[in-house]
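Numbering (the working numbering), first residue to last: 2 to 1168.
Yeah, the Cβ is synthetic: ideal placement off N, Cα and C, and Gly gets one too.
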Amino acid sequence: MERGAAVQADVEPLVDTAEGLLGVPAAQWEGRGFAALGGSSLDAVRLARALRREHRTRVTAPALLRADDLAETLRTLAGSPRTDEPAAGTGAAPPAGRADAPVPLSWQQRVVWYQSVLDPDSPRYHFHAVFRFTQAPAPHQLEAVLGSLLDRHPALRTRVDGVDGVPVQRVGARETPRVRVVDTERQSLPGPECLLLADANRPFDLAEDLPLRWTLIRRPDGGGILVHTEHHLVHDGESFNLILAGLDGSAPAGTDDGYLDYAARQIAPSAKDVAAAADNFTHDFPELFAAPDAAVPAPGGDTGLRLPLPQRVTEAVRTRARERGLTLFTVLFGAYAQALGEATGNRSLVLGTAVANRPENLADTVGMFVATALVPLDLGARADREGAYDHVDAQLRRAVESVTDLTELVEELRRRGVRGASHPGAAFSMYEQSARTVRLGGRTADVEAGIFSGAAKFPVNAIAVVHPGAEGRVELLLEGQAHIVDEDGLWRLWTLFVRELCDFAGLPEPAADLGEPTRSVPELIRETATSHGGLPALTDRDESFDYADLARLGDEARAAGLAGEVVGLLSGVRARYWAYAAALMDAGAAYLPLDTAQPVERLVSMLRQTGCVRVVDLTGPEHPTLAAELSRAAPDTAVTDWQGLLTAPRTAPAAPVTWPEPPAYVLFTSGSTGQPKGVAVGHRSLTAVCEWSVGQFRLTRGTVVSQQMSVGFDYSGLEVWPALTVGGDVRVVPTDVRLDAEDFVAWLNRQRVEVACAPTPVAELLLEADWPAGTVLRTLLPGGDRLHPLPRRVPFDVVNLYGPTECTIVATGIRVDQDSAELPPIGRALDCGRHRVVDASGRPVGPGTAGELWLGGGNLALGYWGRPEATAQRFVPDPWSPGGDLVYRTGDIVKEDPDGVLHYIGRADRQIKVSGARVELGEVEAAAMRRPGVKSAVAATVRRTDAGTALELYAVPERGADHAALAAGIRDALPSYIRHTRVVLVDRLPLNANGKVDLAMLTATGGSDDAVETPDARPLLDAARAFLLDEDLDKSWFELGGSSLDAAQLVSRLRSRGLAEIELRDLLLTSSVEEYLTSRAGTATPPPAEGVTTPTPAPAPLPAPAPAHAPAPAAVPPPAAPAPVRAVRAPAATTAASVLWPALEALEPHEQLDLAQRLIAEARARL
């Protein structure tokens, strides 16, 4: 459509209005319809409203959506009669009678109300937004704004109760609202932590509470965060936009009674409407997920991510959508469906989606209009992507046009015999946010809508948040219920979703930013062989190889045609292993380390996962039967010597894998967090790490480097490959030498080693050894575990290195300050790499805030061999990079200081709950290692049958340390809620084959019990230790880290088992638990005879337990005002309450005060 003569004067104002909303100039319309120009159903509602109000045309949103040519539709409207009245709707007059007259719930509200009744404590139907102020308004200013909102929109004052069992809503009287205020010392708070601090997820009492509440969080710098929480009974996306528009006081005068009238006059969908919607279904529902039909599991552990689509991907998708005549919503919905199809193996899906369903005459009315529609999809063959998106578009249109009561539709489908008919197991919706910033209480605030409540509405749910503007940013909110999908599953869905969008837009699939191709490690080795072939390259006690030997072996492997194969090397630490590994890389094959220290079963698993059918036997006399055992266990694999490999006939790889470049090697992870996975490492990333190492450690031709680590430990590659790329001299440490620190030091000096790597525990033994004058060693490189402060200065640099296998050996490093008593940091990212620290939802955090470390750049591995699912979970598109470059989610928790240096805290999967508080094992270890007299420490969890998961700390004391005083000092250094941690002092920490601490062996050692106990007291003390897990009970209950709930449960247990009569008051106030329990031995009262009931005082309500997703205790201060008190339904808590509360009533006032202070401290720790 062109401007000028083609546009009549009467139609130009209408065209201007449509252009402004769509963001597409009329000259580009080219005879396309509203939807084809990118308009959504909500856009259609908005345009219809604008055309009626501004130009007095008679038009409806469905008519706009059905229009095949928007320009022609506008011309027709311009020539039609105008009207002064809005289009007819469901009614215009408010309900008759009193203002608080009961009004039935709308059928949309009834769905939400029913779920709320089934699960009243769940925040699943809470909507949250946060408003961030650089300067917080005063509470009274916010209360004035909130009061105006409540006056303007009576729906926000509704309460719901029952009349003859039928839910009805009533509008409450106008009231002065209160804004709750919480003060915090923290400057930076992510959205989910704002909800915790504001206690925003506490349940709504729908019969008594307003369905809207505000909490102001005030920061010490004068800034603030307003937490806005609505119940979905009165909320949908457009209603929130209306609230945003009215926050500055510019809303129209008067009262908006429209929703109550809508609900009062609403006619439920007819049987004909339901039948028409059911006609859309031509196949059964697939078993996508085990979707709940009505009741949903209680929240706890649900996962949520909030990720922006990479900007270049968003721009390309918008452009391609316009070219295809598809709306942005259709494309996003289709990509989500394609991703779900790949994740679940289903090409036939039924997804839910939210439909605005808002009558056009109620466009300015706040209320719950949105309805869930079911969209059946048959995506067909994966190759037919174009047809799949057309199919999605058609099915969405049909679902929107026939939206009806979801429950009625499901029942109709079941009556028709549609198998699996249920509420959707997965859903996708889109929310178009109308404003990024608002004026509120006289201040400007940034708006962040849709903060994850911690409880997903559907088993898997996605919401696209589109920010204002024709090219506005798009965020994806992914939610998953814990019983359906875990965090890794959501990340895989994100990866597949971005891939699908890239495929739709014609972009390359997301990949790591590996930089420009450079010379590979084998090519660099050949350069040295050409110019200095006689230089020593690899030497052990039995043989040596020069660079000419390495080139000759490479020629042999090339001639054998090994390119593309994975070849196993069964070996211990020896020079020949590395010579053959270099030759295999030179030939285009990938080498697979098969460490002789590993069990045969694990070696077989590695062979099968990689499809490796050829293994070179490099075992020596120390493993005389291993090769034969492997041959018997893996009969399809040929185990032979080097010559046998070269002369065997070639076959295609059993399980070919497509990578962006050929892998250099495949190395299996330790499997400490699940099944071991083979990491494929490419040549470019290996070269990048070698180049960084050469520069950092000043490696040159002839530099002597030691090699001592297991070939199955990826860190061993750092000992060898960087040195070989520059003509270095690698010398293998004899096995007997590695077993003694003094012998090791002597060997390093005899061999004149300049750079040495070592597993961290081994390196720490070397750091304690005596080093002679004139030591040649200039750099020691510990790695693989947490490094402790240096015990003393040493005559060489110590560089602390960190890096997962997935990032090609090393990702960060820093020279250690030898005078510091603090735990050494892990440093900065390599020059070729990059990093990001993010919170649990994937959003970056600032300096000083703990978060998960993401790594990307030139040292990123290719992925997991034969494990595309695992690769998509951990190697994910970075939402914060313009092109969505891949990054690796390490699962490691770090903090970044203001100088950009990273400090390691621990594993994300090493967070546990103790006495209701979240505990990071790495922080426990760090606290212990700060104590004088502790050489090293490791925290571990053990399972106790009586008290669940417990914490134990294993510490190695320095020589001559007072063990009892040291154990007491360690406990004192821990937070009060974990001072009951059992401290076990050991001579050394056992190590596994890779030089890391062997936790399984460590926890199996147990500990001694030296306490003196009378025979009668032993059962009582054992029962107490089940809660305290401390061998020394000669302290008060709280000093031992016990909680009041634990104490109440102990008292209840001892009484019920007839072991003793224990008074909770005395147990909580005694200075020695051991003395008190010993004194009560033999005081048991026989249990009542069968059939005789002993009355128990009714328990008072207990405070609500901390939510399962609560952060570490120190992270969020307690709320300034108390949260509502409600009953805990857990039987154990109820039993404990029957003991706890009567005991509190029996205390003297000063005792009550003392105990109350302890309970408050305990509650703060739990929060």
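With 16 other Cβ atoms within 10 Å as the buried cut-off, status of residue i
i             : result
glutamine 188 : exposed
threonine 304 : buried
glycine 21    : exposed
alanine 1099  : Caution is warranted here: a pLDDT of 33 is assigned to alanine 1099, below 50, making its placement in the model unreliable, and no coordinate value can be reported.
alanine 629   : exposed
proline 200   : The question names proline, but residue 200 in the sequence shown is aspartate. Flag for aspartate 200 reads buried.
glycine 696   : exposed
lysine 273    : exposed
aspartate 550 : buried
leucine 15    : buried
aspartate 11  : exposed
valine 601    : exposed
histidine 232 : buried
Any non-hydrogen atom of the ligand MN closer than 7 Å to residue i Cβ
i          : result
valine 574 : Although the ligand MN was asked about, the structure shown includes no ligands whatsoever.
Collapsed DSSP secondary structure at residue i in the structure displayed
i             : result
tyrosine 716  : coil
threonine 438 : strand
tyrosine 260  : helix
tyrosine 1    : The structure shown does not extend to residue 1, since the chain is modelled only from 2 to 1168, so the question has no answer here.
serine 545    : strand
valine 448    : strand
tryptophan 30 : coil
glutamate 953 : strand
arginine 793  : coil
glycine 516   : coil
histidine 141 : helix
arginine 615  : strand
leucine 508   : coil
Opening and closing residue of the alpha helix (DSSP H) in which residue i lies
i               : result
asparagine 1170 : Outside the shown range of the chain (2 to 1168) lies residue 1170, about which nothing can therefore be said.
tryptophan 772  : Segment: none, tryptophan 772 is in no alpha helix (DSSP H) and carries neither H nor E.
proline 14      : 13-23
alanine 372     : Premise fails: alanine 372 lies in the beta strand (DSSP E), 372-379, not in any alpha helix (DSSP H).
histidine 1226  : The requested residue 1226 does not occur in the structure, where the chain is confined to residues 2 to 1168.
asparagine 750  : 742-751
glycine 696     : 684-697
valine 275      : 272-279
valine 408      : Reading the sequence as shown, one finds threonine at residue 408 and not valine. Run containing threonine 408: 407-416, per the alpha helix (DSSP H) assignment.
glycine 970     : 964-973
Residues sharing a beta bridge with residue i, DSSP
i              : result
asparagine 801 : Ile815
cysteine 758   : Leu782
asparagine 462 : Ala428, Glu480
leucine 491    : DSSP output for leucine 491 lists no bridge partner at all.
histidine 904  : Lys896
isoleucine 218 : Val183, Ile226
serine 349     : Asp379
proline 594    : Leu570
threonine 659  : Looking at the DSSP assignment, threonine 659 forms no beta bridge with any residue, so it has no partner.
tyrosine 666   : Tyr592, Val682
serine 937     : Val957
arginine 732   : Thr540, Ser707
valine 314     : Per DSSP, none; premise fails for valine 314.
glutamate 630  : In DSSP, glutamate 630 forms no bridge with anything.
C-beta atoms of residue i and residue j nearer than 8 Å
i             : j              : result
leucine 207   : arginine 160   : yes
valine 367    : leucine 243    : yes
glycine 728   : tyrosine 548   : yes
glutamine 110 : methionine 369 : yes
leucine 261   : valine 499     : no
Extent of the continuous beta strand (DSSP E) to which residue i belongs
i             : result
glutamate 231 : 225-232
threonine 304 : 304-309
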